[in-house]
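Colleague:
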Amino acid sequence: MSASILTVDDSASIRLTTRVALSNAGYQITEAVDGMDGIAKLNAGQFDLIVTDLNMPNMDGLTMIRELRKMPAHMGVPVIFLTTESDNEMKQQAKAAGATGWLTKPFDPESLVKIVRKVLGK
Amino acid sequence: MDMNEIKEIFFQECEEQLAELESGLLKLNDGDRDPETVNAVFRAVHSIKGGAGAFGLDDLVAFAHVFETTLDCVRSGKLEPGQDVLKVMLKSADVLADLVSASRDGGSVDESRTRGLVKELEALAHGELPSASGHDAPKPAAKPAPAAAPAPKAETPKPTDDSGFQPIPFTFDGFGEEEEPVIEGSTYEVVFKPRRELYSKGNEAALLLRDLSRVGEMSIACDTDALLDLDKMDPEESYFSWKISVKTTKSEDDIRVVFEFAEWDCDLEVKFADEASSDEEQPMRPVPFDLSILDDAPSAEDEDKQAEHGSDQTVAEAVSAAETATSIAKAAGAAARAAERKESAAAAAAAAQNNAAAAAASAGQTIRVDLDRVDRLINLVGELVINQAMLSQSVIENDATGTSSINMGLEELQQLTREIQDSVMAIRAQPVKPVFQRMSRIVREVADMVGKQIRLVTEGENTEVDKTVIDKLAEPLTHMIRNAVDHGIESPEKREAAGKNPEGTIKLTAKHRSGRILIELQDDGAGINRERVRQKAIDNDIIAADANLSDDEIDNLIFMAGFSTADKISDISGRGVGMDVVKRSIQALGGRISISSRPGFGSTFTMSLPLTLAVLDGMVVTVAGQTLVVPLTAIVETLQPEASAIHSFGASQRLISIRNSFCPLVDVGRVLNYRSTQANPVEGVALLVESEGGGQRALMVDAIQGQRQVVIKSLEANYTHVPGIAAATILGDGRVALILDVDAVVAASRGQSLRPEMSLAATG
Chain F
420 MSASILTVDD
430 SASIRLTTRV
440 ALSNAGYQIT
450 EAVDGMDGIA
460 KLNAGQFDLI
470 VTDLNMPNMD
480 GLTMIRELRK
490 MPAHMGVPVI
500 FLTTESDNEM
510 KQQAKAAGAT
520 GWLTKPFDPE
530 SLVKIVRKVL
540 GK
Chain C
98 MDMNEIKEIF
108 FQECEEQLAE
118 LESGLLKLND
128 GDRDPETVNA
138 VFRAVHSIKG
148 GAGAFGLDDL
158 VAFAHVFETT
168 LDCVRSGKLE
178 PGQDVLKVML
188 KSADVLADLV
198 SASRDGGSVD
208 ESRTRGLVKE
218 LEALAHGELP
228 SASGHDAPKP
238 AAKPAPAAAP
248 APKAETPKPT
258 DDSGFQPIPF
268 TFDGFGEEEE
278 PVIEGSTYEV
288 VFKPRRELYS
298 KGNEAALLLR
308 DLSRVGEMSI
318 ACDTDALLDL
328 DKMDPEESYF
338 SWKISVKTTK
348 SEDDIRVVFE
358 FAEWDCDLEV
368 KFADEASSDE
378 EQPMRPVPFD
388 LSILDDAPSA
398 EDEDKQAEHG
408 SDQTVAEAVS
418 AAETATSIAK
428 AAGAAARAAE
438 RKESAAAAAA
448 AAQNNAAAAA
458 ASAGQTIRVD
468 LDRVDRLINL
478 VGELVINQAM
488 LSQSVIENDA
498 TGTSSINMGL
508 EELQQLTREI
518 QDSVMAIRAQ
528 PVKPVFQRMS
538 RIVREVADMV
548 GKQIRLVTEG
558 ENTEVDKTVI
568 DKLAEPLTHM
578 IRNAVDHGIE
588 SPEKREAAGK
598 NPEGTIKLTA
608 KHRSGRILIE
618 LQDDGAGINR
628 ERVRQKAIDN
638 DIIAADANLS
648 DDEIDNLIFM
658 AGFSTADKIS
668 DISGRGVGMD
678 VVKRSIQALG
688 GRISISSRPG
698 FGSTFTMSLP
708 LTLAVLDGMV
718 VTVAGQTLVV
728 PLTAIVETLQ
738 PEASAIHSFG
748 ASQRLISIRN
758 SFCPLVDVGR
768 VLNYRSTQAN
778 PVEGVALLVE
788 SEGGGQRALM
798 VDAIQGQRQV
808 VIKSLEANYT
818 HVPGIAAATI
828 LGDGRVALIL
838 DVDAVVAASR
848 GQSLRPEMSL
858 AATG
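Residue numbers (this note's numbering), protein chains in the order written: chain F, 420 to 541; chain C, 98 to 861.
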């Protein structure tokens with residue numbers, strides 16, 4: 420069975436790009452539009468990996484990561500966040516919040532798939 | 098999904114982000130220092146950059162990046178967003194918008210302007226104030242966050258002795274998918290000790306080790322000394338560490354990259370083997386390293402290879418130790434899960450509910466629908482309205498008693514139709530905000546060009562109106578704004594001389610009033626120079642030299658065709674295109690425009706537009722045997738004139754006295770040339786209407802048939818423009834009726850000169 424990935428981003432085009440890249444690579448994709456929605460989706464299902472933006476309205480990525488690490492069902496799931504190269508501070512914050520790894524924006528579909536493979540080990 | 102479709106979604110998003118960006122910047126400009134505002138502004142640029150990168154829009158990415166860096170300085174408090182800074186940022190927002198549309202439509206942008214702004218933004222990010230830009234000595238106060246990653250926080254404590262390490266050598270035989278690493282090169286010693294956080298954050302030591310194996314030839318030793326007895330073990334603790342020797346042609350950085358995600362959650366030491374401790378006595382014995390060990394199901398081929406090279410238990414041990422570590426972490430998760438399940442179940446359920454509701458509220462608010470579909474629906478509803486009206490009429494004609502249950506059903510149908518119509522119309526309704534926001538850019542640019550200081554204040558941006566109205570509003574409004582900046586507001590020197598604030602203000606307001614949208618454009622400039630307008634009108638044969646006009650009438654002369662008071666044509670307000678064009682486009686929308694002005698205090702343009710272009714509440718009247726529809730919004734009241742209330746004034750004018758005031762009577766039949774002599778007002782009905790100038794007129798018609806909602810059918814689209822007629826409609830009995838253009842009729846009656854194209858105008 421292919422791995423199931425939750426993508427969380429407030430930008431519909433990023434969500435779509437992510438979806439296209441990852442479903443072409445054979446993954447199952449579920450989308451959420453912000454952290455709040457992400458938590459709702461996590462409450463409703465199991466995922467092998469989460470790819471999330473950090474800067475989002477309603478609930479930002481950091482908060483979502485902290486929240487999901489408190490959820491028994493998701494405390495071990497790998498979380499990749501999207502960040503910009505200049506944002507080293509953000510990387511540390513996100514790592515401290517419990518993220519697994521990151522992908523630097525702007526990204527191309529290949530590097531996304533590469534990172535996902537690296538973290539999923541598949 | 099087609100890439101172009103995704104791109105289109107991205108561009109739509111950009112529009113939203115740009116609007117967000119601009120409104121945020123304007124808020125900051127007004128002194129708002131809410132961190133959320135700064136964040137929203139940052140986020141807008143950030144999102145545009147992120148999307149643009151995914152689509153390879155390099156120019157856009159490059160500019161957005163510089164912009165973002167500067168905004169980041171504001172966000173982190175290193176840069177105070179004062180007026181000068183915001184001026185640069187607002188300009189940058191404009192350039193960003195230009196770059197977005199250039200990317201979308203393939204147009205070009207003003208590159209020198211872009212380059213100039215990049216310099217200004219960079220200067221700001223480096224702590225130079227705009228006034229100091231170009232200055233040679235930049236202040237080193239503020240700097241963007243350093244780009245280089247910091248070194249790992251913790252240095253690995255040196256192993257006290259080597260006894261815990263049993264080196265397991267690796268080679269890459271049978272690892273075919275990657276290029277065979279060249280064995281010459283440097284050897285690095287890597288000590289990797291994961292902390293418990295590494296596992297709790299979803300990383301796996303086994304995967305990292307596998308990744309490392311791709312860097313070069315490696316031998317690996319696992320230190321299991323820290324492992325406790327099972328009953329003493331903390332399932333979440335990390336007990337293993339590894340010592341790896343990697344022989345590679347690649348650099349130290351390539352090794353560090355493998356542990357990139359882990360660097361804050363492990364002790365990692367990477368050093369050159371040559372300078373590494375010489376107490377490394379045991380030579381490495383290379384054995385094949387087979388990655389398939391890490392896979393769930395080793396292939397037959399892999400097994401063959403393993404058999405071929407002889408199995409090496411130690412390899413499997415090292416790796417399985419890593420896997421054990423991972424599964425310990427996983428088991429910890431499971432245990433914790435089981436323990437917490439009970440108490441958290443209820444809370445989780447409640448949270449799920451809350452979150453789902455919140456998500457629904459935030460996510461499910463909008464869908465994008467093709468406008469064609471909405472329009473088709475509106476057309477169909479229009480037909481439904483006509484059909485319902487026809488049905489009602491035939492029932493009334495066939496069942497005059499009106500007692501049947503059919504009547505009740507019809508009434509309900511009528512109400513439902515009405516509700517459907519309102520709901521469908523609401524789909525097309527949009528706030529005027531986007532148009533208003535575009536205006537702020539125009540004010541900025543034009544003010545810059547003519548060297549004036551002007552601030553645009555908007556109000557009622559969320560007032561909703563039909564999308565078509567909004568789309569068509571942009572052009573006339575742009576023109577009026579340019580006019581206001583160019584001609585309305587005086588230069589700062591003049592303003593100061595007149596004792597005014599050197600900064601001029603233009604106020605743009607939208608509000609609903611009696612079923613229409615009212616848009617006001619107010620400037621605090623010099624107002625209309627009536628003497629000059631009058632002279633110009635006389636010079637251009639628009640009015641007679643001895644014409645007796647009120648101030649209002651003089652002001653409204655600026656809407657006449659070919660009228661321009663600007664002594665020289667400026668680039669800004671366009672050449673030859675005057676306020677007459679503005680007026681015509683507003684009228685084409687079924688709207689009215691008028692101006693009022695106070696010399697020295699400024700002018701106010703008032704536009705009143707219908708909320709929708711599809712339907713109209715009308716009063717159906719008879720004039721000289723013809724059926725006409727008068728828009729209900731124009732009618733103030735209807736009355737039956739008595740002979741005593743009618744007064745003659747001059748040769749042809751007649752007035753009607755209403756509650757102690759006199760109001761000119763306009764015979765619609767005469768104005769439209771339905772008849773050649775004036776009807777007797779006493780035999781007809783007077784419709785008191787408010788015309789665009791603000792004055793009242795009494796329109797004389799023969800009789801009122803009733804009130805009805807009618808579906809507007811454009812006369813221009815189906816036939817041609819008819820003076821005095823706004824549009825046509827189909828009545829319940831299937832007949833076509835014309836919809837009266839009240840303002841045109843009033844204007845025609847007021848003075849033939851005002852509407853030269855009104856050949857039907859009655860002069861009496």
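Ideal Cβ placement from N, Cα and C applies to all residues, glycine included.
Just so you know, these numbers come straight off a predicted model, no measurement behind them.
#1: Answer with buried or exposed for Val142 (chain C), where buried requires no fewer than 16 other C-beta atoms within 10 angstroms of its C-beta.
#2: With distance defined between alpha-carbon atoms, name the residue in F:Gly480, F:Leu461, F:Met475 nearest to Ala492 (chain F).
#3: Under three-state DSSP, which class holds Ile809 (chain C)?
#4: Which residue comes first and which comes last in the alpha helix (DSSP H) that contains Thr166 (chain C)?
#5: Tell me which residues of the stretch 431-453 of chain F have at least one Cβ-Cβ distance to chain C shorter than 7 Å, keeping chain order.
#6: Give me the chain B residues within the contact set of Gly540 (chain F), using Cβ-Cβ distance strictly less than 8 Å, ordered along the chain.
#7: Is Pro696 (chain C) near the ligand NAP, in the sense that its beta carbon is under 7 Å from a heavy atom of that ligand?
#8: State whether the stretch 477-485 of chain C contacts the stretch 806-825 of chain C, with contact taken as three or more CB pairs (one from each stretch) at a distance under 8 Å.
#9: Show which residues of chain F have a CB atom less than 8 Å away from the CB atom of Ala141 (chain C).
#10: Note down, in chain order, each residue of its chain lying with its Cβ closer than 7 Å to the Cβ of Glu276 (chain C), except the 5 sequence neighbours on either side.
#11: The alpha helix (DSSP H) that contains Tyr296 (chain C), what's its start and end?
#12: Could you give the DSSP three-state label for Gly699 (chain C): helix, strand or coil?
#13: Which full runs of the beta strand (DSSP E) of 3+ residues lie inside the stretch 742-800 of chain C, going along the chain?
#14: Could you tell me whether any Cβ in chain F is nearer than 8 Å to the Cβ of Gly121 (chain C)?
#15: Does the CB of Ile341 (chain C) have a neighbour CB from chain F at under 8 Å?
#16: Please check the pair Leu125 (chain C) and Ala190 (chain C), which I expect to be a contact at CB under 8 Å, by giving their CB distance rounded to whole angstroms.
#17: Are there 16 or more other CB atoms within 10 angstroms of the CB of Tyr285 (chain C), so buried, or fewer, so exposed?
#18: Classify Arg473 (chain C) as helix, strand or coil using the three-state DSSP reduction.
#19: For a contact meaning CB atoms closer than 9 Å, what does Lys514 (chain F) contact in chain C?
#20: Kindly indicate the opening and closing residues of the alpha helix (DSSP H) around Lys440 (chain F).
#21: Who are the Cβ neighbours of Gln447 (chain F) in its own chain at under 6 Å, not counting the five residues just before and after it?
#22: Which bits of chain F does Glu110 (chain C) rub up against, with CB to CB less than 8 Å?
#23: Is there a Cβ from chain F that is less than 8 Å from the Cβ of Ser144 (chain C)?
#24: Please name the residue in C:Asp545, C:Thr565, C:Thr555 whose C-alpha comes closest to that of Leu468 (chain C).
#25: Let me know the secondary structure DSSP gives Leu828 (chain C) once reduced to three states.
#26: Quick one: what does DSSP say Met475 (chain F) is sitting in, helix, strand or coil?
#27: With a threshold of 16 other CB atoms inside 10 Å of the CB of Ile493 (chain C), please say whether the residue is buried or exposed.
#28: Use the C-beta contact count for Ser396 (chain C): other C-beta atoms within 10 angstroms, 16 or more gives buried, fewer gives exposed.
#29: State whether the stretch 507-515 of chain C contacts the stretch 744-757 of chain C, with contact taken as three or more CB pairs (one from each stretch) at a distance under 8 Å.
#30: Confirm, please, whether the CB-CB distance from Thr735 (chain C) to Leu784 (chain C) is below 8 Å.
#31: Using a Cβ distance threshold of 8 Å, determine whether the stretch 721-741 of chain C contacts the stretch 761-781 of chain C, with at least three qualifying pairs required.
#32: Cβ closer than 8 Å: which chain F residues qualify as neighbours of Ile103 (chain C)?
#33: Where DSSP assigns a beta bridge to Lys216 (chain C), which residues make up the other side?
#34: For a quick check, are the C-beta atoms of Ile433 (chain F) and Asp472 (chain F) less than 8 Å apart?
Modeller: Taking the coordinates as given:
#1: Here residue 142 (chain C) is taken as the residue at index 45 of the second sequence, counted from 1. Answer is buried; the Cβ neighbour count reaches 16.
#2: By 1-based counting over the first sequence, the position of residue 492 (chain F) is 73. Per the Cα distances, F:Leu461.
#3: Position 712 of the second sequence, counted from the first residue, corresponds to residue 809 (chain C). Looking at Ile809 (chain C) - three-state DSSP - the assignment turns out to be coil, as it is neither helix nor strand.
#4: On the second sequence, position 69 is the one that residue 166 (chain C) refers to. Where Thr166 (chain C) is concerned, the enclosing alpha helix (DSSP H) stretches over 155-172.
#5: Ala431, Ser432, Ile433, Leu435, Thr436, Val439, Val452, Asp453
#6: This model lacks chain B altogether; the protein chains it does include are F and C.
#7: By its list of ligands, the structure shown contains no ligand whatsoever, and the ligand NAP lies outside what it can speak to.
#8: yes
#9: Sequence index remark: in the second sequence, residue 141 (chain C) carries index 44 (1-based). Residues of chain F passing the Cβ test: none, with the nearest at roughly 10 Å.
#10: In the second sequence, residue 276 (chain C) corresponds to position 179, counting from 1. Only weak support is given to the placement of Glu276 (chain C): the predicted model assigns it a pLDDT of 44, under 50, and the value that follows is read from those uncertain coordinates. Excluding residues within five positions, none has a Cβ falling inside 7 Å.
#11: For the purposes of this step, residue 296 (chain C) is taken as residue 199 along the second sequence, with counting starting at 1. Unbroken alpha helix (DSSP H) run through Tyr296 (chain C): 293-297.
#12: One-based indexing of the second sequence puts residue 699 (chain C) at position 602. Reduced to three states, the DSSP call for Gly699 (chain C) is strand.
#13: 743-746, 750-755, 758-764, 782-787, 793-798
#14: Stepping through the second sequence from its first residue, residue 121 (chain C) is reached at position 24. No, Gly121 (chain C) lies away from the interface with chain F (no Cβ there is under 8 Å from its Cβ).
#15: The residue you call residue 341 (chain C) lines up with position 244 of the second sequence. Not an interface residue.
#16: As a working note, residue 125 (chain C) is residue 28 in the second sequence. As a working note, residue 190 (chain C) is residue 93 in the second sequence. Not really, about 11 Å apart at Cβ, beyond 8 Å.
#17: Indexing the second sequence from 1 puts residue 285 (chain C) at position 188. Under this definition Tyr285 (chain C) is a buried residue.
#18: Counting from 1 along the second sequence, the entry for residue 473 (chain C) is found at position 376. Of the three classes helix, strand and coil, the one that applies to Arg473 (chain C) here is helix, per DSSP.
#19: Mapped onto the first sequence, residue 514 (chain F) falls at position 95. Chain C residues near Lys514 (chain F): Glu294, Lys298, Phe358, Glu360, Trp361, Asp362.
#20: Walking along the first sequence from the start, residue 440 (chain F) turns up at place 21. Note that residue 440 (chain F) corresponds to Ala in the displayed sequence, not to Lys. Segment 431-443, the alpha helix (DSSP H) holding Ala440 (chain F).
#21: Against the first sequence, residue 447 (chain F) aligns to sequence position 28. So the qualifying residues of the chain are Ser421, Ser423.
#22: For the purposes of this step, residue 110 (chain C) is taken as residue 13 along the second sequence, with counting starting at 1. Ordered by position in chain F, the residues that pass the 8 Å Cβ test against Glu110 (chain C) are Ser430, Ala431, Ser432.
#23: Position 47 of the second sequence holds residue 144 (chain C). Interface residue, yes.
#24: By 1-based counting over the second sequence, the position of residue 468 (chain C) is 371. Ranking C:Asp545, C:Thr565, C:Thr555 by Cα distance to Leu468 (chain C) puts C:Thr565 first.
#25: Position 731 of the second sequence, counted from the start, is the residue given in the question as residue 828 (chain C). It is coil, neither helix nor strand.
#26: Taking the first sequence and counting its residues from 1, one reaches residue 475 (chain F) at position 56. Coil.
#27: By 1-based counting over the second sequence, the position of residue 493 (chain C) is 396. Ile493 (chain C) should be labelled exposed.
#28: Position 299 of the second sequence, counting from 1, holds the residue named residue 396 (chain C). Interpretation of Ser396 (chain C) is limited by its pLDDT of 43, a score under 50 that renders its predicted location unreliable; no figure is taken from the coordinates.
#29: no
#30: In the second sequence, the residue the question calls residue 784 (chain C) occupies position 687. In the second sequence, the residue the question calls residue 735 (chain C) occupies position 638. The answer is yes: Cβ separation under 8 Å.
#31: yes
#32: Numbered from 1 along the second sequence, position 6 holds the residue referred to as residue 103 (chain C). Simply Ser432, Leu435, Thr436, Val439.
#33: Here residue 216 (chain C) corresponds to residue number 119 of the second sequence, with the count starting at 1. In the DSSP output, where bridge partners are listed per residue, Lys216 (chain C) has none listed.
#34: Residue 433 (chain F) sits at position 14 when you count from the first residue of the first sequence. Residue 472 (chain F) sits at position 53 when you count from the first residue of the first sequence. Their beta carbons are under 8 Å apart, which means Ile433 (chain F) touches Asp472 (chain F) by this criterion.
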